[in-house]
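All residue numbers for the sequence shown refer to UniProt numbering, where the first residue is 1 and numbers rise by one.
Ideal Cβ positions, reconstructed from N, Cα and C, are used throughout, including at glycine.
Right, one structure below, let's go through it.
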Amino acid sequence: TAWFIIEFLKGSGPGESKHIDPDIGAPMTDIHYEYKSALHRAHARDAVEREEEKRIRRGSRAFTEEEYNERLQYYLSRIPYKLLKMRYSSFTRYFGHLKRLGWVEETGKTEPSAIQDDYPPAPPRVYYRPTDAGKKASMAEISDPVMTLYQYSREQRSAKRSRYASY
Numbered sequence: 001t002a003w004f005i006i007e008f009l010k011g012s013g014p015g016e017s018k019h020i021d022p023d024i025g026a027p028m029t030d031i032h033y034e035y036k037s038a039l040h041r042a043h044a045r046d047a048v049e050r051e052e053e054k055r056i057r058r059g060s061r062a063f064t065e066e067e068y069n070e071r072l073q074y075y076l077s078r079i080p081y082k083l084l085k086m087r088y089s090s091f092t093r094y095f096g097h098l099k100r101l102g103w104v105e106e107t108g109k110t111e112p113s114a115i116q117d118d119y120p121p122a123p124p125r126v127y128y129r130p131t132d133a134g135k136k137a138s139m140a141e142i143s144d145p146v147m148t149l150y151q152y153s154r155e156q157r158s159a160k161r162s163r164y165a166s167y
């Protein structure tokens, strides 16, 4: 997740997501939407590839590019939005970890949010970009930002594992 956020804010467009200007950044809701869309595309691609492997094992030919894209759209249309992980509330908490680590920062650009139409005191959409520290973070740090933030080892991550290890 952190890898996707940092790469997306760098403008790399990971997982076939849209490319953004890293100096302008993107609001958290857009980052979350692109992350969920990338998960859905990966899930659908896996389903199509499994289906294609079954066809080949049965002696049929592989999908043509047109058939592959048709099957991909079929699977994409059938994936419920909430099926795959990272609901928005979890995403905002996770994004907060990245802000505390100093890996992302506000760009200063804001725009009105949709909720402000009905409730003007609601907060605007704030744009974020990666910091130099975020761009330079190692893969070990990015793979577990919570561990990096609170500085504990993977062995200390879950008390349950050590409690039940002797059974």
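Residues bridged to residue 128 [DSSP beta-bridge criterion]: Assignment of beta-bridge partners to residue 128 by DSSP yields 26 and 106.
Distance between residue 59 and residue 52 (C-alpha atoms, nearest Å): Roughly 11 Å separates the two Cα atoms.
Pair within 8 Å by beta-carbon distance, residue 72 and residue 39: For residue 72 and residue 39, no; Cβs fall outside 8 Å.
Cβ neighbours of residue 134 in the same chain (closer than 8 Å, five flanking residues each side left out): Contacts found: 6, 9, 98, 101, 102, 103 and 104.
Per DSSP, cross-strand counterpart(s) of residue 111: Residue pairing from DSSP places residue 111 in a beta bridge opposite 125.
Separation of residue 127 from residue 23, as counted between CA atoms: Taking the straight line from one Cα to the other gives about 10 Å.
Chain-order list of residues whose beta-carbon lies under 8 Å from that of residue 27 (same chain, five-residue window excluded): Around residue 27, the same chain offers 111, 125, 126, 127 and 128 as residues with beta carbons nearer than 8 Å, after the five sequence neighbours per side are excluded.
Residues of its chain near residue 88, where Cβ-Cβ distance is below 7 Å and the 5 sequence neighbours each way are ignored: Cβ within range, chain order: 32.
Alpha carbon of residue 25 to alpha carbon of residue 54, nearest angstrom: One C-alpha to the other measures close to 42 Å.
Three-state secondary structure assigned by DSSP to residue 32: The answer is helix: DSSP assigns residue 32 an H, G or I state.
Close beta carbons around residue 35, own chain, < 6 Å, minus the five adjacent residues each side: Residues of the same chain with a CB within less than 6 Å of the CB of residue 35, apart from the 5 flanking positions on each side, are 4 in chain order.
Proximity to residue 68 [Cα-Cα], best of 17, 37 and 41: For the options 17, 37 and 41, the alpha carbon positioned closest to that of residue 68 is the one of 41.
Which listed residue (109, 149 and 153) has its alpha carbon closest to that of residue 95: Between residue 95 and the set 109, 149 and 153, the nearest pair of CA atoms involves 149.
Buried or exposed by the 16-neighbour rule on C-beta atoms within 10 Å, applied to residue 90: Counting the other CB atoms within 10 Å of its CB gives residue 90 a total below 16, which places it among the exposed residues.
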